[in-house]
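Residue numbering for the sequence shown follows my numbering, beginning at 5 and increasing consecutively.
The beta carbon of each residue, even a glycine, is placed where N, CA and C say it ideally should be.
Bear in mind the structure is a predicted one, so any value in this text is a computation, not a measurement.
The structure appears below as structure tokens.
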Amino acid sequence: MSEDAAKAAVAAAVSTEVFKTLETFERALRTWNAVSNLVSAADGARLWSRHIADSLQLVALAPDGPLRWIDLGAGAGFPGMVVALARPQTEVTLVESNRKKAAFLLKAIAETGAPATVRPVRAEALPAKPYDVVSARALAPLGPLLTLAAPFFGPHTIGLFPKGREVDDEIAAAGAGFQVARVPSATADDAVILKITDVKG
């Protein structure tokens, strides 16, 4: 998917107000990235296709209504900031231990008004507490990721984890103790989003 096509797809999928806030977020990221290297140069050239449109897919997979959402290893805000901007009724907790990236997230929240908070610590340092949705993107293979995420799962929690071509191996290595459904990615032919439920801590 080209940048123009991805941006047009995002514009068609959200309200005009939300799209404007996503553009504000994009500009903030480009400004910070010029000096802080939050994303690679290659990814900076395809923010809409590689990051924003890809992150937006998770919104449609979450339940309706106000939610409590935690994004582990939030990095430069994908998918957590995109979720917060696209679903302003959702409270998003962005977990990012890298100080540079956490500082950017705080600035991006201030500039966009996103309903999000930043926890500048490792996920392991947070107290166990169930959320409605747990997400993580490119943080760890599925097995270690579920170990990190388990303290944030309750009986009705959904995990949304984008994965690439090694997904079969990751699922096999993760073993039992969860239910998984695969959702094809709309932005990459070799990617899926894993929808995880019934995680046993």
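1. Return the residue from the list Ala-114, Leu-62, Gly-77, Ala-120 that minimises the CA-CA distance to Val-99.
2. For Thr-97, count the other beta carbons within 10 Å of its own beta carbon; 16 or more makes it buried, fewer makes it exposed. Which is it?
3. Mapping the DSSP letters down to three states, classify Ala-185 as helix, strand or coil.
4. Which residues in the same chain have their Cβ closer than 7 Å to the Cβ of Arg-72, if we skip the five residues on either side of it in sequence?
5. Does chain C have any CB closer than 7 Å to the CB of Pro-67?
6. Can you check whether the CB of Ser-53 is closer than 7 Å to the CB of Met-3?
7. Contact check, Ala-140 vs Leu-130 under 8 Å by CB: the rounded distance?
8. From Ala-46, Gly-163, Phe-29, pick the residue whose C-alpha is nearest to that of Val-187; which is it?
9. To the nearest angstrom, how far is the alpha carbon of Ala-192 from that of Lys-167?
10. Once the 5 residues before and after Ala-17 are set aside, which same chain residues still bring their CB inside 7 Å of it?
11. With a cut-off of 8 Å on the beta carbons, I'd call Thr-25 and Thr-116 a contact; round off their distance for me.
12. What does the Cβ neighbour count give for Gly-179, buried or exposed, with the cut at 16 atoms within 10 Å?
13. Tell me which residue opens and which closes the beta strand (DSSP E) that Ile-162 is part of.
14. Can you give the beta carbon distance from Lys-199 to Phe-182, rounded, assuming they're within the 8 Å contact cut?
15. Can you list the alpha helix (DSSP H) stretches of 4 or more residues lying completely in the region 48-100, in chain order?
16. Name the residue from Leu-62, Lys-11, Ala-177, Leu-152 whose alpha carbon lies nearest to the alpha carbon of Glu-128.
17. Kindly list the residues whose CB is nearer than 7 Å to the CB of Ser-101, restricted to its own chain and excluding five residues on each side of it in sequence; keep chain order.
18. In the DSSP assignment, find the beta strand (DSSP E) that holds Ala-140 and state where it starts and stops.
Reading it off the structure:
1. As a first step, residue 99 is located in the sequence shown; it is residue number 95 there, counting from the start. The shortest Cα separation from Val-99 among Ala-114, Leu-62, Gly-77, Ala-120 belongs to Gly-77.
2. On the sequence shown, residue 97 is found 93 positions in, with the first residue counted as 1. Answer is buried; the Cβ neighbour count reaches 16.
3. On the sequence shown, residue 185 is found 181 positions in, with the first residue counted as 1. Three-state result, Ala-185: strand.
4. Position 68 of the sequence shown, counted from the first residue, corresponds to residue 72. Closer than 7 Å at Cβ, skipping near neighbours: Glu-95, Tyr-135, Asp-136.
5. No chain C is present in this structure, which holds just one protein chain.
6. Not covered by the structure: residue 3. The range shown for the chain is 5 to 205.
7. Translated into the one-based positions of the sequence shown, residue 140 becomes position 136. Translated into the one-based positions of the sequence shown, residue 130 becomes position 126. Actually they are not in contact, since the Cβ atoms of Ala-140 and Leu-130 sit about 13 Å apart, beyond 8 Å.
8. For the purposes of this step, residue 187 is taken as residue 183 along the sequence shown, with counting starting at 1. Closest by alpha carbon: Gly-163.
9. For the purposes of this step, residue 192 is taken as the residue at position 188 of the sequence shown. For the purposes of this step, residue 167 is taken as the residue at position 163 of the sequence shown. Between Ala-192 and Lys-167, the C-alpha separation is close to 10 Å.
10. Taking the first residue of the sequence shown as position 1, residue 17 is located at position 13. Same-chain partners within the cutoff: Leu-60.
11. In the sequence shown, counting from the first residue as 1, residue 25 sits at position 21. In the sequence shown, counting from the first residue as 1, residue 116 sits at position 112. Indeed, because the Cβ distance is near 5 Å, the residues count as touching under 8 Å.
12. As a first step, residue 179 must be located in the sequence shown, where it is residue number 175. Exposed: under 16 other Cβ atoms inside 10 Å.
13. The residue labelled residue 162 in the question sits at position 158 within the sequence shown. Unbroken beta strand (DSSP E) run through Ile-162: 162-167.
14. Working through the sequence shown from its first residue, we reach residue 199 at position 195. Working through the sequence shown from its first residue, we reach residue 182 at position 178. Going by Cβ atoms, the distance from Lys-199 to Phe-182 rounds to 11 Å, so no, they are not a contact pair.
15. 57-65, 84-90
16. The count along the sequence shown starts at 1 and reaches residue 128 at position 124. Considering only alpha carbons, the answer is Leu-152.
17. By one-based count along the sequence shown, residue 101 stands at place 97. Only Pro-124, Val-125, Arg-126 meet the Cβ criterion.
18. Locating residue 140 in the sequence shown gives position 136, counting from the first residue. Counting along the chain, the beta strand (DSSP E) containing Ala-140 begins and ends at 137-140.
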